[in-house]
Amino acid sequence: MTAALSLRKVTKSFGPTEIIRGVDLEIATGERHAIIGPNGAGKTTLFNLISGRFHISSGEILLNGERIDALPPHQINRRGLSRSFQITSIFHNLSVFENLRCALLWSAGYRYSFWNPLGRQRELNDHAGRLLEDLNLTARRDTRAGLLSYADQRALEVGMTIAGGASVILLDEPTAGMSNTETDYAMELIRRVTVGKTLVMVEHDMKVVFDLADRITVLVYGQIIASGPPAEVRASRAVQEAYLGADFSAQAASEVAA
Amino acid sequence: MRGKYAWLWIAAVVLALAIPWAFYDFHTGRHSGFVISMLSQMGMMIILALSYNMLLGQAGLFSLCHATFFGIGGYATIHFLNAAGTGSLPVPIELIPVLSGLSGLGLAVVFGYMATKQRATAFAMITLGISELMATAALMFHHFFGGEGGVTTNRMIEHSLFGLTYASGLQVYYLILAWTLLATAAMYFLTQTPLGRMANACRDNFERAQFVGYDPRRVRFLQFALSGLFAGIGGGLYAITYEIVTFDALAAPLSANALLMAYIGGTTVFAGPVLGAVLITLLQSGVSLMSNSWLVYVGVMFITMVIFAPAGLTGLILAHRPIARAGRLGRLALPYVRIVPPALALVLGFVGVVELTSFLTIGAAQGKSLVLFGNRIDIHAAMPWIVSTVALVGGAAWLRVESRTFGRVWESVTADLTPVRA
Ligand SMILES: Nc1ncnc2c1ncn2[C@@H]1O[C@H](COP(=O)(O)OP(=O)(O)OP(=O)(O)O)[C@@H](O)[C@H]1O
Ligand SMILES: [Mg+2]
């Protein structure tokens, strides 16, 4: 069976500095995969390469067995890969509802239509309405997205990412900056809306990571230093030394002890 | 323009239908030529401004060559009418604007292909280049553009769906009105389609649009092409009305005018440019009769709007909606009243200084003299200058004080209200 996503010897340089230094990664269909690593490790850059926002310097990226590393972002998206942004990226002057509807349009087959009045597209509007429900944003339906609270904007960001029904979802720190309750709620939301999909998530919150992930990849200075099931990664000496430090060791030790 | 504004649109249409009859002269049995021609001009300008706003307001594209498509629609229409007049083009005059629109569309496809590869500043610069290129082309290709003198036609082609001759300005006006309504409705419809919505989305965040499957370039291109279609229709109506099209119809000042009308009316609301077009045309027809300096006033108004009311007149009006909804409009009444005298002093003082200066320079050359309420004003005397300057400076200072008070009241009134989406 072909992997949902494979990266082969991927590198990326910005000028003279190599930010991604030869990444090999296979993510199976339906897997929940977490990518962790210190600040500046290149996690977001990796997402930018996979989603087509940047072009790779060398290597190969395959989505369901097909090369996508030379494609522009919109074409990668149309092939069923969708991503969210670490720094919220929404259509801030449009209403929450419009944001979701925009995220649905292409996958619903409307393309660049200038002959379908949106108000009459029953199925499309119902779908956007259901997404609002899922995201718990129904009360905010007509609010301008730019005026939402931070947590609501993050929820919308995730909502727009999953709206089009992509089979591979990349989430870049969806819970960053959220309070504990908000994080719990967001994770419960993410779990719910990504059922049956391949999920790749960058996350700093270790509790979230170990709760959710089937496999974890640790990225440090643009290289993978460990990749495998949570227990394996947790036990890895290299990981503890190179990155996770006292914090994690203590946590891991206490969890092992428990 | 949701359902609740329908009455406004209906009122506007009724007004547009009725106004010529309010200026009907029973002695001569004629409608006022001045009013009819002003109304006709408004129609074309509404189409121009609305189609410009498909770029500026709806897609966030700052075009400097919009008149190109208006102009090409105009020039092409002259040739269509000439061909129709000789019978070689079997199209009734009522449908000629379809061809005008297609001319605008055709050229917008070509130029749009280049311009919409870019966005933001680079886009604006390409459109500036296009505008220059067209200006030169218009002087080079004599057969089509007619050189300096332009091209002329006769609209009485004796081929009408309704058996009309279009000899009278009133008939032409109603033709323009019909096309203006049609074009406005079509442009409104477009805002409610996937393309229209994605144009908004790309304006807000073109990068995100890519990650929901859209190519922002393609969105820009289609939006640009369609806006050229409507500009072309506007140009066609221009050709039918004036029966002559010259360089003015595609040159940069008209592009600037499109921008001015859209901006002053408000780019964030669909109807904004309509208001802007009506207002600017009124100013142009009215003030330009009274004053040499009307462009100064338009310019100053534009600058004032850009600084103080970037959402235009409709934006200003809509800012009051949440206040009205909260039933607090009354609290603004007094501050508004208090702001009138200083504003009036400032405006009158400014007009005084501008007019005095203009009569000193241009007016003198034309041998005119400044007459106010039947009194000839000596522009070389000190008094008028002193009065104007005092009004201008005093008004400005006074207005500053009052606007602070106004600002405080406004803030206290709106503090706990959520802004309404335009
Ligand atoms: N467009 C760019 N041009 C130059 N350098 C860049 C660019 N984007 C990222 N970098 C650099 O690449 C490195 C990795 O950045 P990246 O954002 O991928 O890290 P990250 O792992 O996502 O970190 P964080 O946890 O803070 O989000 C950083 O040193 C950053 O400065
Ligand atoms: Mg990051």
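Going down the list, the protein sequences come from chains A and B. Mapping the first sequence onto this note's numbering, position 168 (from 1) lands on 1058, and the numbers just tick up by one. Mapping the second sequence onto this note's numbering, position 328 (from 1) lands on 471, and the numbers just tick up by one. Ideal Cβ positions, reconstructed from N, Cα and C, are used throughout, including at glycine.
| Asked | Found |
| --- | --- |
| When you get a sec, list the residues whose CB is within less than 7 Å of any heavy atom of ligand 2, chain order please. | Lys933/A, Thr934/A, Gln976/A, Asp1062/A, Glu1063/A and Val1092/A |
| Identify every run of the alpha helix (DSSP H) within the region 450-519 of chain B, keeping only runs that are complete inside it and at least 4 residues long; order them along the chain. | 455-462, 464-468 and 472-501 |
| Using the Cβ count rule (16 or more neighbours within 10 Å means buried), how would you classify Phe516/B? | exposed |
| Do Met330/B and Val362/B have their beta-carbon atoms positioned less than 8 Å apart in this structure? | no |
| Determine the DSSP secondary structure at Tyr1152/A, reduced to helix, strand or coil. | Shown here, chain A extends from 891 to 1148; a query on residue 1152/A therefore has no answer. |
| By the 10 Å Cβ neighbour count, where 16 or more other Cβ atoms means buried, how is Arg1030/A classified, buried or exposed? | buried |
| Report yes if the C-beta distance between Ile1106/A and Ala1132/A is below 8 Å; otherwise report no. | no |
| Can you name, in chain order, every residue of its own chain whose Cβ lies under 7 Å from the Cβ of Thr892/A, other than the five neighbours on each side? | Asn954 and Gly955 |
| Can you confirm whether Arg564/B, when its beta carbon is compared against all beta carbons of chain A, has any partner nearer than 8 Å? | Caution is warranted here: a pLDDT of 46 is assigned to Arg564/B, below 50, making its placement in the model unreliable, and the coordinate value is therefore given only provisionally. Closer than 8 Å: yes. |
| Looking at ligand 4, does it come within less than 7 Å of Asn929/A, judged from the CB to the closest heavy atom? | Although ligand 4 was asked about, the structure shown includes only ligand 1 and ligand 2 as ligands. |
| Tell me, please, whether the region 191-198 of chain B touches the region 395-407 of chain B by the rule of three or more beta-carbon pairs shorter than 8 Å. | yes |
| Could you work out which residues of chain A lie near Arg135/B, taking near to mean beta carbons separated by less than 7 Å? | Residue coverage of chain B in this structure runs from 144 to 565, which leaves residue 135/B outside it and unanswerable. |
| What number of angstroms, rounded off, separates the C-alpha of Val252/B from the C-alpha of Phe213/B? | 14 Å |
| Quick check on Thr389/B - is its C-beta less than 8 Å from some C-beta in chain A? | no |
| Cβ-heavy atom distance between Ile951/A and ligand 1 below 7 Å? | no |
| What whole-angstrom Cβ distance do Gly375/B and Ile215/B have, given they're in contact under 8 Å? | 6 Å |
| Look up Val388/B in the DSSP assignment and give the residues it is bridged to. | Val294/B |
| Once the 5 residues before and after Asn920/A are set aside, which same chain residues still bring their CB inside 8 Å of it? | Note on identity: in this sequence residue 920/A is Gly, with Asn being the wrong assignment. Closer than 8 Å at Cβ, skipping near neighbours: Ala894, Gly1086, Lys1087 and Thr1088. |
| Distance cutoff 8 Å, beta carbons only. Does Glu350/B sit that close to anything in chain A? | yes |
| In chain order, what residues of the same chain have a beta carbon less than 8 Å from the beta carbon of Tyr309/B, not counting five sequence neighbours either side? | Ile236, Arg298, Met299, Ser303, Val315, Leu318 and Ile383 |
| In or out: Ile446/B buried (at least 16 other Cβ within 10 Å) or exposed? | exposed |
| Can you confirm whether the region 1046-1066 of chain A touches the region 971-979 of chain A when touching is taken to mean that 3 or more C-beta pairs between the two stretches lie within less than 8 Å? | yes |
| Under the three-state reduction of DSSP, which class applies to Gly1036/A: helix, strand or coil? | helix |
| Secondary structure at Lys902/A, three-state DSSP: helix, strand or coil? | strand |
| Who are the near neighbours of Ser1139/A in its chain, counting only those whose CB is closer than 8 Å to its CB and skipping five residues on each side? | Here the model assigns Ser1139/A a pLDDT of 49, short of 50, so the residue's position is not dependable, and the following value carries that caveat. Gln1130. |
| Identify the contact partners of Ile951/A in chain B, using a Cβ-Cβ distance below 8 Å as the criterion. | Here the premise fails: no neighbours, minimum Cβ distance about 16 Å. |
| Nearest by alpha-carbon distance to Ser246/B: which of His222/B, Thr259/B, Gly495/B and Thr532/B is it? | His222/B |
| Look up Ile357/B in the DSSP assignment and say whether it is helix, strand or coil. | The amino acid occupying residue 357/B in the given sequence is Tyr; Ile does not appear at that position. It is coil, neither helix nor strand. |
| Here's the rule I'm using: 16 or more other beta-carbon atoms within 10 Å means buried, otherwise exposed. How should Gln509/B be labelled? | exposed |
| Residues of chain A with CB under 7 Å from Val355/B, in chain order? | Asn967, Cys992, Ala993, Trp996, Met1050 and Gly1054 |
| Determine, using beta carbons only, whether Met144/B comes closer than 8 Å to chain A. | Model confidence at Met144/B stands at a pLDDT of 46, short of 50, so the residue's coordinates are unreliable; what they give is reported in the following sentence. It does not; no Cβ of chain A falls within 8 Å. |
| How would you list, in chain order, the residues of chain B whose beta-carbon sits under 7 Å from the beta-carbon of His964/A? | Gln353, Gly356, Tyr357 and Asp358 |
| When the Cβ atoms of the region 147-167 of chain B are set against those of the region 280-291 of chain B, are three or more pairs found closer than 8 Å? | no |
| Does any C-beta atom of chain B lie closer than 8 Å to the C-beta of Ile958/A? | no |
| Around the Cβ of Trp164/B, are there at least 16 other Cβ atoms within 10 angstroms (buried) or fewer (exposed)? | exposed |
| Listing by chain order, which chain A residues have their CB less than 8 Å from the CB of Leu369/B? | Phe1004 |
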